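Data block below; observations after.
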Amino acid sequence: MTDVMIDARDLTKHYGPVTALKNASFQVHRGEVVGFLGPNGAGKTTTMKILTCFIAPSAGTARIGGADIFEDPIAVREAIGYLPENTPLYTEMLTLEYLEFVGKMRGLSGAGLQARLRRVVEETSLGDVIGKSIGELSKGFRQRVGLAQALIHEPPVLILDEPMSGLDPNQAAEIRELIREIGRERTVILSTHNLSEVRVTCGRVLIISQGELVADDTPDELAARAGKPRFVATLRQNGHSASDIRKAFSGIGDAQSVTEQTSAAAGEVIVELVPKGTEDLRADIFQAAVAANLVLLGLEQRGENLEDIFRQLTTGAGASA
Amino acid sequence: MNHILTIGGRQFRSYFNGPVAYIVICIVMLTLGFFFWNTFFLYGRASTREMFRWLSLILVFALPALTMGLLAEEKRTGTIELLITMPVTEAQVILGKFLGVLGLYAVLLVLTLAYPISVSTLGNLDWGPVWSGYLGLLLQGSAVLAIGLMASSWTDNQLIALFVALTLSVFFWVLDKFLALLPTSAASTLEWLSFDYHFQSMARGVVDLRDLVFFFSVTAFALALAFRALESRRWS
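As they're listed, the protein sequences go chains Y and G. Position 4, counted from 1, in the first sequence is what our numbering calls 6; the numbers after and before it change by one each time, with no gaps. Position 57, counted from 1, in the second sequence is what our numbering calls 236; the numbers after and before it change by one each time, with no gaps.
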């Protein structure tokens, strides 16, 4: 894991008066699958375009596999397999014809090209559509053609801009599996705003907001950072006053943490309890409810999830977190 | 060089997967047929002078339709991003695109060989001016195609690219048609900048190095500007 494949330093990009990216620095090692997360317009695509040498940063630089994006853009491009947003492909070409074109552009030819073509067609399960024109393919197949063209030259680094957007859940699952497989040997950066996807696919998450990197962690650590789990009990009010209920639970967990809300359903009270440490409060809550003659309708444990963290980090609400 | 040929080959083949190439070829052949045979028997001469006169004008109008999408369409659909992020230089992309459309233009020229061939069966055709005329068409066409590619590099809208390319190439074609209205000093300069002035001497059978240099210069200049436009994307 000491092998740095992507080394971005102080990347900054201005589009006229708009600053799309501010001093973004990060490193990605060999064999890492990194999720690049952020709301639309946060600078994900800009960063990817800079790394692939499609645009140049206004300040800062990056090295891909040791090659600098300014000094040796050709070597950088050789090291990268890239899938841009919305998978732009030549729709008038046949799938195989297109992959052959990309292979040739990537310096493959003859038997080597044929062998690689067979391999990527198999990896991306494109066998049934190689003779079809790309324009006729479904979104899922197009996405796979996009991945196949990114993989054809066996690049050490893959940069995928929203590889799963617009796919149905089955297609997304297949692509996710494929990316995970690819990520075993290669370095992958993928951008997305789908958080559950990040959790299953990526070992590390970079969150970017308004052009700035606001978090760089594993999904689990990020979730842990956001705070302790909460226990949420739903009770039937049954004539008990709010203060009665509060008293019933006052001995459990962190005393300050008992909060009630009246739910939409009449006669129900929702109580939230936060433990002092990481202990499980569910048994205590049940017993306290029984002791106070309260009817417990529901009890669940809620961890702070990625969605919350994402929202906190990218709306400025949790800027201090 | 390999990359240029790969890009050019792809471009060339993709023309035949879409309608534009067929439409342009049909329109060129039909208008040429109409104007050529219209007067051919009136003159009663086994000559292709008239064919070259018409063809040079028709192509100035038709070729921008072939170049309008070269980069504009790639920019609109985003495929340019994949093309540029392959290990190629901008110059290779421009030259490849140019070569691809030049190939299609060569096919079009070969199709028009039907005219000199049929004329030669009707009378005694002097093939010398025919070949120099074709050389002239190839060179003038290159200049028009390069201008079209340049226009296509400036926008992501094919129609704007078409309009700009048409305006520029028609302008350079008609430059020597209004000389009578101008003072002589300006007239000779403008005449020298006109496509048709250089082309007509070649269609008469005169291959002058200056005409070759003129067309080569226009082509190279337009391609260089296209290269600049494509490259400027990195810094915008």
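Glycine included, every Cβ here is placed at the ideal spot set by N, Cα and C. Note that the structure is predicted; figures quoted are calculated from it, not measured.
Exercise for review: Count the other C-beta atoms from every protein chain shown that fall within 10 angstroms of the C-beta of A401/G, then say buried if there are 16 or more, exposed otherwise.
Suggested key: buried
Check your understanding: How many whole angstroms separate the CB atoms of L85/Y and A152/Y, which I take to be in contact at a CB cut-off of 8 Å?
Key -> 5 Å
Review point. Applying a beta-carbon distance threshold of less than 7 Å, which residues of chain G neighbour K106/Y?
Key: T185
Exercise for review: With a floor of 4 residues, list each alpha helix (DSSP H) that falls wholly inside the segment 49 to 109 of chain Y, ordered by position along the chain.
Suggested key: 75 to 81, 97 to 107
Review point. Do the segment 353 to 367 of chain G and the segment 288 to 307 of chain G meet, that is, are 3 or more Cβ pairs less than 8 Å apart?
Key: no
Practice item. State yes or no: is the beta carbon of N42/Y nearer than 9 Å to at least one beta carbon in chain G? Key: no
Point to revise | Rounded straight-line distance, which links the Cα of T185/G to that of W310/G | key: 29 Å
Review point. Closest Cβ-Cβ distance between M381/G and chain Y: below 9 Å?
Key: no
Point to revise | is_contact[T334/G, chain Y] using C-beta, thresh 9 Å | key: no
Point to revise | Extent of the continuous alpha helix (DSSP H) run through R189/G | key: 181 to 194
Point to revise | Option nearest D130/Y by Cα separation, candidates V159/Y, P19/Y, N172/Y, V147/Y | key: V147/Y
Exercise for review: Closer than 7 Å by beta-carbon distance: list the chain G residues that pair up with F103/Y, in chain order.
Suggested key: T185, R189
Check your understanding: What three-state label does DSSP hand N25/Y in the structure shown?
Key -> strand
Practice item. Could you tell me whether the Cβ of E370/G comes closer than 9 Å to any Cβ of chain Y? Key: no
Check your understanding: How many Å lie between M265/G and I82/Y at the Cα?
Key -> 9 Å
Review point. Does any residue of chain G bring its CB to less than 9 Å from the CB of I311/Y?
Key: no
Review point. Listing by chain order, which chain G residues have their CB less than 9 Å from the CB of A175/Y?
Key: Going along chain G, no residue has its Cβ under 9 Å from A175/Y, so there is no contact; the nearest lies around 25 Å.
Point to revise | Where the segment 68 to 80 of chain Y meets chain G: residues whose CB sits under 7 Å from a CB there | key: I76, R79, E80
Point to revise | Endpoints, alpha helix (DSSP H) assigned at G282/G | key: 269 to 291
Exercise for review: Could you work out which residues of chain G lie near A58/Y, taking near to mean beta carbons separated by less than 8 Å?
Suggested key: R413, W414
Check your understanding: With contact counted as at least three CB pairs below 8 Å, one residue from each stretch, are the segment 190 to 209 of chain G and the segment 278 to 291 of chain G in contact?
Key -> yes
Review point. Which of helix, strand or coil does DSSP assign to E309/Y?
Key: helix
Exercise for review: With L249/G as the anchor, note down where its alpha helix (DSSP H) starts and where it stops.
Suggested key: 248 to 256
Practice item. Could you tell me whether the Cβ of T63/Y comes closer than 9 Å to any Cβ of chain G? Key: no
Practice item. Taking P90/Y as the query, report the chain G residues whose CB atoms sit under 7 Å from its CB, ordered along the chain. Key: T256, G257, T258, E260, L261
Check your understanding: Quick one: is M247/G near chain Y, going by C-beta distance under 9 Å?
Key -> no
Practice item. Output the distance between the C-alpha atoms of A330/G and P243/G, rounded to the nearest integer angstrom. Key: 9 Å
**Study point:** Enclosing beta strand (DSSP E) for K249/Y [first to last residue]
**Key:** Segment 244 to 251 is the alpha helix (DSSP H) holding K249/Y; no beta strand (DSSP E) there.
Check your understanding: Does the count of Cβ pairs from the segment 34 to 48 of chain Y and the segment 204 to 221 of chain Y closer than 8 Å reach three?
Key -> yes
Check your understanding: Are the beta-carbon atoms of T210/G and L324/G separated by less than 9 Å?
Key -> no
Point to revise | Within chain G, the residues that E94/Y reaches when beta carbons sit closer than 9 Å | key: S193, N196, G197
Point to revise | Bounding residues of the alpha helix (DSSP H) (the contiguous stretch that carries V150/G) | key: This structure cannot speak to residue 150/G, because chain G is shown only from 180 to 415.
Review point. Does the beta carbon of K51/Y come closer than 9 Å to any beta carbon on chain G?
Key: yes
Practice item. Please name the residue, chosen from I254/Y, I247/Y, Q303/Y, V20/Y, that lies closest to V297/Y on a Cα-to-Cα basis. Key: I247/Y
Review point. So with Cβ pairs under 9 Å, would you call M265/G a contact of chain Y?
Key: yes
Exercise for review: Would you check if the distance between the CB atom of A285/Y and the CB atom of A250/Y is smaller than 9 Å?
Suggested key: no
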